[in-house]
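Just below is one structure, and these are the notes that go with it.
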Amino acid sequence: MTEIADRTETPAPADLPTYEHIKLDRKDQVITLTMMRAKRRNSLSEDHMAEILDALNHVATTDARILVIAGDGPVFSSGHDFADMIGRDLHSMRALLQLCTDMMQRMHTIPQIVIAKVHALATAAGCQMVANADLAVAAESAAFAVPGGKGGWFCHTPSVAVARNIGRKHLMELALSGEPIDAKTAEAWGLINYAVPDDQLDAKLDELITKLSDGSRMAKALGKQALYNQIDRPEREAYMYAIEVMASASQTDHAREGMNAFVEKRKPVWPR
């Protein structure tokens with residue numbers, strides 16, 4: 004059975020850490036991570052990515068249910084900071100891209116549901132961040148691109164995440180042309196969940212958070228991990244894995260409380 008990431012005793016509430024390039028805020032069961040490099044279009048320098056990864060590791064230790072990732076300023080994120088890349092040798096560049104990959108994949112392994120709140124343009128690794136989030140909601144004025152196809156350095160790593168959200172022909176068009184797509188197209192292609200009028204972005208995010216906040220936190224943490232673990236497996240193998248996870252999970256206090264509450268027609272009281 005897959006272990007729940009960071010399945011440790013929930014620590015007592017504590018102050019959120021502070022950073023140079025990002026800001027963490029908490030309201031009830033929701034933590035918001037806001038990228039604060041507006042003057043650099045929230046580009047992902049090494050220091051910026053290291054801070055995001057550290058913040059994800061911290062969020063994983065909390066009892067929050069949801070993490071929202073947002074961006075300050077006129078751009079959600081323009082992707083990698085080329086000024087931080089020029090002059091790097093092969094070893095250094097490989098290490099930087101590995102840091103980015105570690106940061107992106109950490110979104111999948113923390114127990115919280117990760118929602119990207121996209122208010123504006125998300126390109127390259129910024130688009131990758133949206134694709135890596137569990138869910139995404141965007142303003143209709145937002146746009147999405149993996150623009151390496153227009154330049155001299157193809158968006159290889161961003162395409163890994165995007166490919167797991169949209170169909171192959173759409174991926175080829177997006178990656179090979181380098182042209183941005185609008186939020187409605189991104190919604191139709193499956194890159195985001197919802198594209199809404201700009202003035203309704205916060206309301207749609209709140210609506211989505213409300214939908215996601217019911218149920219056992221532990222069950223959803225395990226469910227999120229199991230979905231990622233089975234989704235790319237062959238069907239027979241996926242069923243074998245899911246049977247074991249589901250059977251094992253049935254023995255938890257949370258599963259038993261959920262079944263008992265349903266049978267007894269009462270509201271469940273989830274164990275801590």
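Numbers given in the numbering used here equal positions in the sequence shown, counted from 1, plus 3. Idealized CB from N, CA, C, for every residue including glycine.
Is residue i helix, strand or coil by DSSP?
i, result
"Met38", "strand"
"Lys26", "strand"
"Gly151", "helix"
"Gly261", "helix"
"Ala224", "helix"
Among the residues of its own chain, which have a CB less than 8 Å from the CB of residue i, if the five just before and after it don't count?
i, result
"Ala8", "Note that Ala8 scores 42 on pLDDT, short of 50, meaning its location in the model is unreliable; the coordinates nonetheless yield the value given after this. Ala63, Thr112, Ile113, Pro114, Ala224, Gln228, listed in sequence order."
"Gln20", "It is worth fixing the name first, because residue 20 is Pro in this sequence and not Gln. Same-chain partners within the cutoff: Leu27, Asp57, Ala58, His61."
"Ala116", "Inspection of the sequence shows that residue 116 is occupied by Ile rather than by Ala. Contacts found: Arg68, Ile69, Leu70, Asp137, Leu138, Leu215, Lys223, Lys227."
Residue i bridges to which residues according to DSSP?
i, result
"Ser80", "Ala125"
"Leu138", "Ile118"
"Leu47", "His83"
"Asp185", "Ala146"
Can you name, in chain order, every residue of its own chain whose Cβ lies under 6 Å from the Cβ of residue i, other than the five neighbours on each side?
i, result
"Thr13", "Bear in mind that the predicted position of Thr13 carries a pLDDT of just 38, short of 50, making it unreliable; the figure below should be weighed with that in mind. Taken in chain order, the residues that qualify are Asp66."
"Val272", "none"
"Ile234", "none"
"Ala258", "Ala252"
"Ala264", "Pro271"
"Gly76", "Ala41"
"Arg275", "none"
Just confirm the distance between the C-beta atoms of residue i and residue j, as a whole number of angstroms; I'd bet it's less than 8 Å.
i, j, result
"Ala127", "His83", "6 Å"
"Gly155", "Gly181", "That pair is no contact at about 11 Å."
"Ile118", "Leu211", "7 Å"
"Ala125", "Ser80", "6 Å"
"Pro200", "Ala146", "About 15 Å separates the two Cβ atoms, so there is no contact after all."
Considering only residues of the same chain and omitting the five flanking positions on each side of residue i, which have a CB-CB separation below 7 Å?
i, result
"Gly226", "none"
"Asp18", "none"
"Lys187", "Glu143, Ala198"
| query | Is it true that the region 160 to 172 meets the region 201 to 220, where meeting means three or more beta-carbon pairs spaced less than 8 Å apart? | reply | no
| Is the region 89 to 104 close to the region 238 to 249, with three or more CB pairs under 8 Å? | no
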